[in-house]
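Numbering (the numbering used here), first residue to last: 129 to 380. Here a beta-carbon is modelled for each residue, glycine too, at the ideal position from N, C-alpha and C. This one's a predicted model, so the numbers in the text were calculated from it and none came from an experiment. To start, the structure itself, in structure tokens.
Below, the structure is given as structure tokens:
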């Protein structure tokens, strides 16, 4: 690291658990963020400020005025601009020394497989079950850690699905992909703005920990936040031996 980097990341370097070695791991890392909206905004901004060397943003949507209540990477001046490009501008304003790739596309299974292969950690910041399951399948196949978050109304949740561990559950163990779960959109149900910041920041924290291999991740646990009572609850998630995505029969 050069002198400017030592100064920029000095508060990380002061932490015994991180130090120069941990910060160098971040600088050499590649994070894939699927979704540049409510969750993706704070998650990606913290990854950038923390010094993750390469961040890839994937989102095919454009900035809308209704987004600005909670999607803090975007501005009024960028309404109509693609979200991936808008978020890229925001990240580079925070940290011009990192590389940010903005992909204005809705990635299908094949594309996700290719993108996940190049990443060290994947953050699912999307808002529908179909995409979440597609991202999960790609992460399991590539054995890449996945940090998943979701928020609707006053409720949030976050977890880690680490396919590098043989006994770790995947997203489909929690929400089986062969069962129907109704997507609920914030455009019809609403969302309390600060909660996407809380959950998105936690996704960034879990991703940074995974990249530096510090602490204990949320793998095998689901944190759920009741924003009206500001109360967290934690439940254990076990691997489903019959899971069609990560079950032993699939892995053989």
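Which residues DSSP lists as bridging residue i, in chain order
i	result
residue 400	The structure shown does not extend to residue 400, since the chain spans only 129 to 380, so no value can be given for it.
residue 285	278, 352
residue 177	Answer by DSSP bridge pairing: none, since residue 177 is not bridged.
residue 185	161, 230
residue 130	Beta-bridge pairing links residue 130 to no other residue.
residue 362	351
residue 290	273
DSSP three-state assignment for residue i, whether helix, strand or coil
i	result
residue 257	helix
residue 349	strand
residue 367	coil
residue 280	strand
residue 273	strand
residue 263	helix
residue 300	helix
residue 135	helix
residue 159	strand
residue 382	Nothing about residue 382 can be reported from this structure: the residues present for the chain run from 129 to 380 only.
residue 251	strand
residue 380	Only weak support is given to the placement of residue 380: the predicted model assigns it a pLDDT of 46, under 50, and the value that follows is read from those uncertain coordinates. DSSP places residue 380 in coil when its eight states are reduced to three.
residue 441	With the chain running from 129 to 380 in the structure shown, residue 441 is simply not present.
residue 324	helix
residue 334	helix
residue 171	helix
residue 402	Since the displayed the chain opens at 129 and closes at 380, residue 402 lies outside it and no answer follows.
residue 268	helix
residue 339	helix
9 Å Cβ cutoff met for residue i and residue j
i	j	result
residue 253	residue 300	no
residue 211	residue 221	no
residue 284	residue 249	no
residue 336	residue 175	yes
residue 251	residue 342	no
residue 155	residue 180	yes
residue 275	residue 334	yes
residue 351	residue 323	no
residue 347	residue 289	yes
residue 278	residue 295	no
residue 69	residue 192	There is no way to answer for residue 69, as the model of the chain reaches only from 129 to 380.
residue 223	residue 136	yes
residue 243	residue 230	no
residue 332	residue 173	yes
residue 150	residue 140	yes
residue 163	residue 319	no
residue 133	residue 225	yes
residue 286	residue 358	no
Anticipated Cβ contact below 8 Å, residue i with residue j, distance rounded
i	j	result
residue 201	residue 214	7 Å
residue 203	residue 247	With a Cβ gap of about 27 Å, residue 203 and residue 247 do not count as contacting.
residue 170	residue 325	5 Å
residue 273	residue 291	7 Å
residue 258	residue 240	The pair is not a contact, with the Cβ atoms about 12 Å apart (cut-off 8 Å).
residue 338	residue 345	6 Å
residue 361	residue 297	In fact, because the Cβ distance is near 18 Å, the residues do not count as touching under 8 Å.
residue 317	residue 363	23 Å between Cβ atoms; not a contact.
Heavy atom of the ligand ATP within 8 Å of residue i beta-carbon
i	result
residue 181	In the structure on display, the ligand ATP does not appear, and there are no ligands present to speak of.
Minimum Cβ-Cβ distance from residue i to chain D less than 9 Å
i	result
residue 138	Absence of chain D from the displayed structure is noted, only one protein chain being present.
Within the segment 188-242, ranges of the alpha helix (DSSP H) (whole runs, at least 4 residues): Within the segment 188-242, the complete alpha helix (DSSP H) runs of at least 4 residues are 211-222.
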